[in-house]
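Asks: Structure provided below as structure tokens; questions to follow.
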């Protein structure tokens, strides 16, 4: 009696199923990891903004917070100090993207004398630069410099 060599059709289908399900799980894990890294960048941006406001308040330095309001988002937030015209940049390196929700303004001015930001701003944070990107949350800075992160935009 000769011994069979090779795989039967059932065995071959089982091997293909195992590889396909492993690949699918791996692809899902990578997608979840990308979103997790984007949320970490959102938290870093929140901390960077808080640090900037604390520094400005303690040193009495005014600044302009610059952001984009166009349909395409950017991965950078800019702060230009008005006393030295020096510019600080938060760069998420493509981890997340920012877009101001204002229709008319693309910057806000911080006044250390009154500790206010005019106008207050809501910055939408997404995981991609295009309009179809998933929203991760909103960084909301009130005119009184209270900075919060929310999942949904504030009510009008």
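Residue numbers (the numbering used here): 2 to 157.
Beta carbons: idealized from backbone N, C-alpha and C, even for Gly.
In three-state terms, what does DSSP make of residue 158?
Replies: One cannot answer for residue 158 here, as it falls past the ends of the chain, which runs 2 to 157.
Asks: If contacts are defined as beta-carbon pairs under 8 Å, then residue 126 and residue 139 qualify, I think. What distance do you get, rounded to the angstrom?
Replies: Walking along the chain shown from the start, residue 126 turns up at place 125. Walking along the chain shown from the start, residue 139 turns up at place 138. Their Cβ separation, rounded to whole angstroms, is 7 Å, which keeps residue 126 and residue 139 in contact under 8 Å.
Asks: Just tell me which of 99, 60, 27, 86 has its CA closest to the CA of residue 75.
Replies: Position 74 of the chain shown holds residue 75. Here the closest residue by C-alpha is 99.
Asks: With H, G and I counted as helix, E and B as strand and the rest as coil, what does DSSP make of residue 136?
Replies: Locating residue 136 in the chain shown gives position 135, counting from the first residue. Reduced to three states, the DSSP call for residue 136 is strand.
Asks: If we ignore side chains and look at the alpha-carbon of each, how far apart do residue 78 and residue 115 end up?
Replies: The residue you call residue 78 lines up with position 77 of the chain shown. The residue you call residue 115 lines up with position 114 of the chain shown. If I take the Cα positions, the gap works out to 23 Å.
Asks: Please return the same chain residues whose Cβ sits closer than 7 Å to the Cβ of residue 49, not counting the five positions on each side in sequence.
Replies: Looking up residue 49 in the chain shown gives position 48. Excluding sequence neighbours, residue 49 sits near 91.
Asks: What first and last residue would you give for the beta strand (DSSP E) that runs through residue 125?
Replies: To locate residue 125, count along the chain shown from 1; it is residue 124. Residues 122-127.
Asks: Leaving out five residues before and five after residue 130 in sequence, what residues of the same chain have Cβ atoms less than 6 Å from its Cβ?
Replies: Walking along the chain shown from the start, residue 130 turns up at place 129. Excluding positions up to five away in sequence, the list reads 73, 74, 98.
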